[in-house]
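S.K.: Dumping the structure here so I can ask a few things about it.
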Amino acid sequence: MNELKNQIETLRKTIFKIYENHPENDRTNQEDSFKLFVKGALNIQLKLFIERYKRLGLSDAETMQCIVIHPSLYEISSKQIDDCDSQALSIAVAQYFEIVSIAPAYTDVLSLLLESILLVGKRGKGLGQCLTPPSLASGCSELMPMQTDQPFKVMEMCCGAGAFVLAPLQQMMERNPNHAKNATVIANDIDPFMCCTTTLQIIANTVINDIDLCEFTQHCSNVITEWTSGNPYLFRFITPAKIYESRARIREEKLRAYGYYEIFGYPANVTPLRDSEARRVHSATQLVGAA
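What follows is the structure, given as structure tokens:
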């Protein structure tokens, strides 16, 4: 935990360099830096998410049916890019991706960072936001009666940076990562930037840790007055059956290539290969191992 805190503090310092020399006050520069960092990281992860589906066998048309992205979620102006320290932005994004890759899947990295940069000292100005600490969200998730071996939903109508949707997903991954295919996640917040941050945390974990949730939808609305009005969501993906079939096929090919079935036997749903097919699979060991 201390190591994670140190990594997040290093990330904070790098983020602040993005607009360090901008002719505004420090607070404004730091807020702008964090907002650009989140948008930049999300842009990269959305592209990787789409490419990931294509790599697993989906056509462009199939991918467009499974993924819906509203432009406002990821838009960055040319002025934002021109005015920033692009090297600091690149380093900050790389540091965040590294933290996600090392920490347990669906660890909440950004909630406390966002609150300390954007919300502390506002004294009720704006939306009066106060984010749930990740430790509290984690404790609450342990009290949830989650049966992850069956289809289940995680829903948070005031999601902030995503603490209350990340915590149960992290718990699910610790119990059994194969249950990710049962998880449908629905998040909403009135603040578009909070929606952006939650989406980043979900998508970065999904891509970097190579996880296939059943579905994720990010709404942006006033849950009291707008939830039933049918506003379009900012982001949505539904993992199609073809992805799970592709995963199962890749796994089976790996098991064949490494001789697993020869040692432990073939299950009822796997047919032994003929000699010519077996030689083809074994010759592809290197390629399959890199998939």
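Numbering (this note's numbering), first residue to last: 1166 to 1456.
Glycine included, C-beta positions come from ideal geometry on N, C-alpha and C.
1) What separation, rounded to the nearest whole angstrom, lies between the Cα atoms of V1274 and L1284?
2) Rounding to the nearest angstrom, what Cα-Cα distance links Q1294 and T1390 in this structure?
3) Using only the alpha-carbon positions, how far apart do H1187 and D1247 sit?
4) In chain order, which alpha helix (DSSP H) runs of at least 4 residues are fully inside the stretch 1181 to 1220?
5) Can you tell me whether S1394 is buried or exposed? The criterion is at least 16 other CB atoms within 10 Å of its CB, across all chains shown.
6) Cutting at 6 angstroms between CB atoms, please list the residues of its own chain near C1385, excluding the five before and the five after it.
7) Who are the Cβ neighbours of R1217 in its own chain at under 7 angstroms, not counting the five residues just before and after it?
8) Please confirm whether T1362 and L1238 have their CB atoms less than 8 angstroms apart.
9) DSSP state of N1347, grouped into three classes?
10) Under the three-state reduction of DSSP, which class applies to E1249: helix, strand or coil?
11) Please state the DSSP three-state secondary structure of V1285.
12) If you reduce the DSSP assignment to three classes, tell me which class V1274 lands in.
13) Hey, out of F1381, K1219, I1173, whose CA is closest to L1331's CA?
14) Going straight from the alpha carbon of R1340 to that of Y1271, what length do you get?
15) Quick one: using the 10 Å Cβ neighbour count with 16 as the cut-off for buried, is L1334 buried or exposed?
16) For a test of the three-state rule: what should DSSP assign to V1233, helix, strand or coil?
17) For T1364, which of helix, strand or coil comes out of DSSP?
18) Between T1364, V1319, N1374, which lies nearest to V1233 when the distance is taken from Cα to Cα?
19) When burial is assigned at 16 or more other CB atoms within 10 Å of the CB, is S1251 buried or exposed?
20) Mark A1302 as exposed unless 16 or more other C-beta atoms lie within 10 angstroms of its C-beta, in which case mark it buried.
21) Report back the beta-carbon spacing between L1221 and I1408 to the nearest angstrom; my notes put them in contact at under 8 angstroms.
22) Taking the CB atoms as reference points, tell me whether L1201 and I1215 lie closer together than 8 angstroms.
23) Could you say which of T1297, S1281, F1402 lies nearest to I1173 if we only look at CA atoms?
24) Measure the C-alpha to C-alpha separation of W1392 and A1413 and round it to an integer number of angstroms.
M.R.: This is what the structure holds:
1) 16 angstroms
2) 18 angstroms
3) 11 angstroms
4) 1191 to 1220
5) Under this definition S1394 is an exposed residue.
6) Answer for C1385: P1357, C1360, L1399, listed in chain order.
7) Within its own chain, the residues whose Cβ lies closer than 7 angstroms to the Cβ of R1217, once the five positions on either side in sequence are excluded, are V1372, listed in chain order.
8) no
9) In the three-state scheme derived from DSSP, where H, G and I count as helix and E and B as strand, N1347 is classed as helix.
10) Reading the sequence as shown, one finds Cys at residue 1249 and not Glu. Note: C1249 maps to coil in three-state DSSP.
11) DSSP, read as helix, strand or coil, puts V1285 in coil.
12) Here V1274 carries a coil assignment [DSSP, helix/strand/coil].
13) F1381
14) 13 angstroms
15) Flag for L1334 reads buried.
16) strand
17) helix
18) T1364
19) By the 10 Å Cβ count, S1251 comes out exposed.
20) Buried.
21) 5 angstroms
22) no
23) Of the candidates T1297, S1281, F1402, S1281 places its Cα closest to the Cα of I1173.
24) 38 angstroms
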